[in-house]
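S.K.: What follows is a single structure, and I will ask about it in a moment.
Protein chains: 2
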Amino acid sequence: MPTVTMIGGGQLARMTHQSAIALGQCLRVLAASAEEPAAAVSADVVLGSHDELADLLRAAQGAVAVTFDHEGVPLEHLKALEAQGVAVRPPSAALQYAQDKMSMRQRLAELGLPVPDFVDLSGDTAAARSALQAFGDRHDWQIVLKAVRGGYDGRGVWLIDGDADAALQVFDDRAGTDTVLMAEQKVAMRRELSAMIARSPHGQGAAWPVVETVQRNGQCAVVLAPAPDLDDEVAQRAQQMALGLADQLGVVGDMAMELFETTDGALMVNELAMRPHNSGHWTMDGAVTSQFEQHLRAVLDYPLGETTARAEVIVMANVLGAGEAPAMSMDERLHHLMARMPDAKVHLYGKSERPDRKVGHVNIVGKPGEDVEAVRERAERAAQWMSTAVWSDGWDPHTDTTAAERERNDG
Amino acid sequence: MPTVTMIGGGQLARMTHQSAIALGQCLRVLAASAEEPAAAVSADVVLGSHDELADLLRAAQGAVAVTFDHEGVPLEHLKALEAQGVAVRPPSAALQYAQDKMSMRQRLAELGLPVPDFVDLSGDTAAARSALQAFGDRHDWQIVLKAVRGGYDGRGVWLIDGDADAALQVFDDRAGTDTVLMAEQKVAMRRELSAMIARSPHGQGAAWPVVETVQRNGQCAVVLAPAPDLDDEVAQRAQQMALGLADQLGVVGDMAMELFETTDGALMVNELAMRPHNSGHWTMDGAVTSQFEQHLRAVLDYPLGETTARAEVIVMANVLGAGEAPAMSMDERLHHLMARMPDAKVHLYGKSERPDRKVGHVNIVGKPGEDVEAVRERAERAAQWMSTAVWSDGWDPHTDTTAAERERNDG
């Protein structure tokens, strides 16, 4: 069976390896160390840096395709790999837009897709500062500043809540550094959605149900699948936008299109990722084909798998590293969670804990008839427990009671 | 997170590793070569032999528990590991019954479980031959000869269809060799069932729905989950028998109890396996908790996971190695299957093909309202395609028609 190389040894590569195993393969990963989440579980690890072309070439040797668990590989290296005949998937011509928020915005606008108003703040400092000033004034400083490259999980994003001085301070602090900024209008939104699709080199496309994503501190915290009460027409429009864009850019593999649903019911494109994505983790237990299997199928130009949800409601909640020394080890927390929720599907990444670091996620597949609020409450309760060793409802395993139940009994 | 060692690098260890990854672990495997199915995908491989105590001890070093992908580890080695404080799971006191069909039969009979009539053919050759003669006469030679140890997938089993000479020939051929035989009454059965359960050291038990197994050439070919039209009372009896036996023997981990449903509706115990089992492969896509995750949970004394089926019908069919040089590689066959059945869940073991060698399996999760015959037909068609590169219905991918459809169109 063919070998696929994934650049990056993080959790996305780790979970892609699980799917590779079922397809008769072993995922090769280029990792910085043998302790990285994917390197710790795959038999085929190349140690090296995604910044070094020689390491990339070494990892590509003998693989039928090279794909990515992050956007960090320099564009010139991607082009050099392609020049040497390596099947880079997605190709550099597509991936560049996932690497650079400014070129992505420009390309989306050219293609007529709805995007928030934005302004380029690269180039001459004085001119960019004036452009920011004008842009901010136009939007009453209800704007967002973003680093054009390298941001993720809330890093490289500054929400400016009407405070012009704060915006200019962010700008001035980065003037003359490597961090290139852009500014965007802050959209009056009802909620955030994600339209995940996959596309094969052959041109086949497949879309999972559109989901709602809940962000906290700038990072994805919870995903509700499918997005509750989403108008069918809007859902289909989101899917068509994502499939159409993937086609126009020549994307290969998974693509997540993060969207704003505005207060007036319109859609605007926020971000793009051309790889498995946090908003697709629910598919591991909740869809016929998981985003990890699908990414491999697309990258290998296999026919794509069915994307139907397996239940009416599936909720994913991220597990974050504990802030202070937690009262229990992750292993002990897992025991307690299993005791309380025998149907919770836990996915741990084998990462050390740091505050706000994504170290795993929990999927809860709703029971027949269970509504989205109930499933979400269970998923969030499970994830919070795993993250903090605190049950949000004060559950005591010895008495199998919640705080509210004990209060009632005492009263 | 803890490390579990599995002795044996076959497909059961390979699939257990997939589940270990989700639990934040990496399964350590003791394998004879780096090419074995599990060794080819795990980052933690100890090369060595399950017959060598030193290798077993090396593989156990630092692991919280040692478990097994086959029954081949000599009993004295298991006891030696236990004497050195290794957590052997299942313990030797239980596993011995899965290793030796004769002691298993005797123990089951002692515990009052229904078993076919049987006779011990170990010991003095002349006495054993007389015992076989008497036993055969009593059952009109409707008997089965079995090697007490080491048989699997139909090897080590001889069906004697009334032919006394054939039975005595099998006996005489093995007299004086290492192969110890026993004989069993051939049961007039309606079908074969399997009751899979798991048990933790803590004593918690969990049973999956009882399934029907379809054997061909002495090996499991198809599994129908849950067993169609099985009386609820019979299903519960089978589960209780398995859970009760596991408790009495002190089993830890998964246990498959293979049963005969006799023509008069009674149950008889056929075989026991104390590990993940072919009759549980459907759980990977069809149950809330797969048998591989459950085995790890049990071995680690975690609380067990929910065993509910995710659909009304799930059918598993084994993929066997192609008999002659197949018209297409496994990779090409996989492409075609994916094109035709986007919902087929394929699990390949990374094994080279040999006739009748299990090299993978396909799970089909029934759609709402799809009956068991329809799901089974799809699963068998998929597995036959993967095994032989022949579509049983003569499907032609270029015209997307079956042979019957083309005939109708031509007529």
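The listed protein sequences derive, respectively, from chains A and B. Note that the first sequence covers residues 1 to 411 in my numbering. Note that the second sequence covers residues 1001 to 1411 in my numbering. Every residue, glycine too, gets a C-beta built ideally from N, C-alpha and C.
Can you list, in chain order, the residues of the segment 37-69 of chain A whose Cβ is nearer than 8 Å to any Cβ on chain B?
M.R.: Against chain B - using a Cβ distance shorter than 8 Å - the residues of the segment 37-69 of chain A are Ala39, Ala40, Val41, Ser42, Ala43, Val45.
S.K.: Along the chain, where does the alpha helix (DSSP H) that runs through Gly286/A open and close?
M.R.: Reading the first sequence from its first residue, position 286 is the one you call residue 286/A. Segment 283-286, the alpha helix (DSSP H) holding Gly286/A.
S.K.: Please compile the residues from chain A whose C-beta is within a distance smaller than 8 Å of the C-beta of Tyr1302/B.
M.R.: Against the second sequence, residue 1302/B aligns to sequence position 302. Near Tyr1302/B (Cβ distances below 8 Å), the residues of chain A are Leu334, His335, Met338.
S.K.: Shortest alpha-carbon distance to Gln236/A belongs to which of Ala207/A, Val180/A, Asp44/A?
M.R.: Along the first sequence, read from residue 1 onward, the residue named residue 236/A stands at position 236. Of the candidates Ala207/A, Val180/A, Asp44/A, the one whose C-alpha sits nearest the C-alpha of Gln236/A is Ala207/A.
S.K.: Could you have a look at Val252/A and say whether DSSP puts it in helix, strand or coil?
M.R.: As a working note, residue 252/A is residue 252 in the first sequence. Reduced to three states, the DSSP call for Val252/A is coil.
S.K.: With Ala1038/B and Gly1010/B assumed to form a contact (beta carbons below 8 Å), what rounded beta-carbon distance in angstroms separates them?
M.R.: Here residue 1038/B refers to the residue found at position 38 when the second sequence is read from its first residue. Here residue 1010/B refers to the residue found at position 10 when the second sequence is read from its first residue. Their Cβ separation, rounded to whole angstroms, is 7 Å, which keeps Ala1038/B and Gly1010/B in contact under 8 Å.
S.K.: In whole angstroms, what separates the C-alpha of Ala1238/B from that of Leu1267/B?
M.R.: What you label residue 1238/B is simply residue 238 of the second sequence in a count that begins at 1. What you label residue 1267/B is simply residue 267 of the second sequence in a count that begins at 1. Cα-Cα distance, rounded: 8 Å.
S.K.: Can you tell me whether DSSP reads Gln449/A as helix, strand or coil?
M.R.: Residue numbering for chain A in the displayed model covers 1 to 411; residue 449/A lies beyond these limits and cannot be assessed.
S.K.: When Cβ atoms are compared, which residues of the segment 1123-1142 of chain B fall closer than 7 Å to chain A?
M.R.: So the list is empty, because no residue satisfies the distance condition.
S.K.: Rounded to a whole number of angstroms, what is the C-alpha to C-alpha distance between Glu380/A and Ala339/A?
M.R.: By one-based count along the first sequence, residue 380/A stands at place 380. By one-based count along the first sequence, residue 339/A stands at place 339. Going from the Cα of Glu380/A to the Cα of Ala339/A covers about 16 Å.
S.K.: Report the neighbours of Arg310/A on chain B: residues whose CB is nearer than 7 Å to its CB, in chain order.
M.R.: By 1-based counting over the first sequence, the position of residue 310/A is 310. Per Cβ cutoff of 7 Å: Arg1310.
S.K.: Between the C-alpha atoms of Leu1224/B and Ala403/A, what's the straight-line distance to the nearest angstrom?
M.R.: Here residue 1224/B refers to the residue found at position 224 of the second sequence. Here residue 403/A refers to the residue found at position 403 of the first sequence. Cα to Cα, the separation comes out at about 44 Å.
S.K.: What three-state label does DSSP hand Ser1122/B in the structure shown?
M.R.: Counting from 1 along the second sequence, the entry for residue 1122/B is found at position 122. Looking at Ser1122/B - three-state DSSP - the assignment turns out to be coil, as it is neither helix nor strand.
S.K.: Under the three-state reduction of DSSP, which class applies to Glu184/A: helix, strand or coil?
M.R.: Numbered from 1 along the first sequence, position 184 holds the residue referred to as residue 184/A. The answer is strand: DSSP assigns Glu184/A an E or B state.
S.K.: Tell me whether Asp331/A sits in a helix, a strand or coil according to DSSP, three-state version.
M.R.: What you label residue 331/A is simply residue 331 of the first sequence in a count that begins at 1. DSSP places Asp331/A in helix when its eight states are reduced to three.
S.K.: Taking only the alpha-carbon atoms, compute the straight-line gap between Gly162/A and Val64/A and give it to the nearest angstrom.
M.R.: Numbered from its first residue, the first sequence carries residue 162/A at position 162. Numbered from its first residue, the first sequence carries residue 64/A at position 64. Going from the Cα of Gly162/A to the Cα of Val64/A covers about 51 Å.
S.K.: Measure the C-alpha to C-alpha separation of Asp51/A and Leu1057/B and round it to an integer number of angstroms.
M.R.: Numbered from its first residue, the first sequence carries residue 51/A at position 51. Numbered from its first residue, the second sequence carries residue 1057/B at position 57. Those two C-alpha atoms are separated by around 41 Å.
S.K.: Judging by CA-CA distance, which residue of Phe171/A, Asp172/A, Leu259/A is the nearest neighbour of Glu212/A?
M.R.: Against the first sequence, residue 212/A aligns to sequence position 212. Answer by Cα proximity: Leu259/A.
S.K.: Counting only runs of 3+ residues fully inside the segment 1046-1132 of chain B, write out the beta strand (DSSP E) ranges in chain order.
M.R.: Segments of the beta strand (DSSP E) lying fully in the segment 1046-1132 of chain B: 1065-1068, 1118-1120.
S.K.: Would Cys1026/B and Ala221/A be called neighbours here (beta carbons separated by less than 7 Å)?
M.R.: Locating residue 1026/B in the second sequence gives position 26, where the first residue counts as 1. Locating residue 221/A in the first sequence gives position 221, where the first residue counts as 1. Not a contact, by the Cβ cut-off of 7 Å.
S.K.: Taking only three categories from DSSP, how would you classify Leu1145/B?
M.R.: The residue you call residue 1145/B lines up with position 145 of the second sequence. Leu1145/B falls in the strand class under three-state DSSP.
S.K.: Is the CB-CB distance between Leu12/A and Asp55/A below 7 Å?
M.R.: Position 12 of the first sequence, counted from the first residue, corresponds to residue 12/A. Position 55 of the first sequence, counted from the first residue, corresponds to residue 55/A. No, the Cβ-Cβ distance between Leu12/A and Asp55/A is not below 7 Å.
S.K.: Taking only three categories from DSSP, how would you classify Met1386/B?
M.R.: As a first step, residue 1386/B is located in the second sequence; it is residue number 386 there, counting from the start. Met1386/B falls in the helix class under three-state DSSP.
S.K.: Return helix, strand or coil for Arg310/A, following the three-state DSSP convention.
M.R.: Locating residue 310/A in the first sequence gives position 310, where the first residue counts as 1. Here Arg310/A sits in coil by DSSP.
S.K.: Can you find a C-beta in chain B that's less than 7 Å from the C-beta of Pro342/A?
M.R.: Along the first sequence, read from residue 1 onward, the residue named residue 342/A stands at position 342. Yes - at least one Cβ of chain B is within 7 Å of the one on Pro342/A.
S.K.: If the cut is a Cβ gap below 9 Å, which residues of chain B does Pro209/A touch?
M.R.: Position 209 of the first sequence holds residue 209/A. Neighbours of Pro209/A on chain B: none; closest Cβ ~15 Å, over 9 Å.
S.K.: Check whether the segment 107-122 of chain A touches the segment 76-87 of chain A, counting contact only when three or more Cβ pairs, one atom from each stretch, lie closer than 8 Å.
M.R.: Result no; under three Cβ-Cβ pairs closer than 8 Å.
S.K.: DSSP state of Leu420/A, grouped into three classes?
M.R.: Residue 420/A is absent from the model: chain A starts at 1 and stops at 411.
S.K.: Flag Val1315/B as yes if its beta-carbon sits less than 7 Å from any beta-carbon of chain A, otherwise no.
M.R.: Residue 1315/B sits at position 315 when you count from the first residue of the second sequence. It does not; no Cβ of chain A falls within 7 Å.
S.K.: Can you tell which of Ser194/A, Ala83/A, His335/A, Leu181/A has its C-alpha closest to the C-alpha of His414/A?
M.R.: In the structure displayed, chain A extends from 1 to 411; residue 414/A sits before or after that span and is not available.
S.K.: At what residues does the beta strand (DSSP E) containing Ala1195/B begin and finish?
M.R.: Here residue 1195/B refers to the residue found at position 195 when the second sequence is read from its first residue. First-last of the beta strand (DSSP E) with Ala1195/B: 1189-1199.
S.K.: Could you tell me the distance, in whole angstroms, from the CA atom of Ala1317/B to the CA atom of Ala183/A?
M.R.: Start at 1 with the first residue of the second sequence, and residue 1317/B comes out as number 317. Start at 1 with the first residue of the first sequence, and residue 183/A comes out as number 183. Distance between the alpha carbons of Ala1317/B and Ala183/A: 56 Å.
S.K.: Buried or exposed: which applies to Asp1285/B, given that a residue is buried once 16 or more other Cβ atoms fall within 10 Å of its Cβ?
M.R.: The count along the second sequence starts at 1 and reaches residue 1285/B at position 285. Under this definition Asp1285/B is a buried residue.
S.K.: So which residues of chain B does Cys26/A contact, with C-beta pairs closer than 8 Å?
M.R.: Within the first sequence, the letter at position 26 stands for residue 26/A. What Cys26/A touches in chain B: Ala1040, Val1041, Gly1350.
S.K.: Look at Val299/A and Met274/A and say whether their C-beta atoms are less than 7 Å apart.
M.R.: Mapped onto the first sequence, residue 299/A falls at position 299. Mapped onto the first sequence, residue 274/A falls at position 274. Cβ atoms of Val299/A and Met274/A: not closer than 7 Å.
S.K.: Counting C-beta neighbours from all protein chains within 10 Å, is the total for Asp1232/B 16 or more, i.e. buried, or is it exposed?
M.R.: Within the second sequence, the letter at position 232 stands for residue 1232/B. Asp1232/B comes out exposed.
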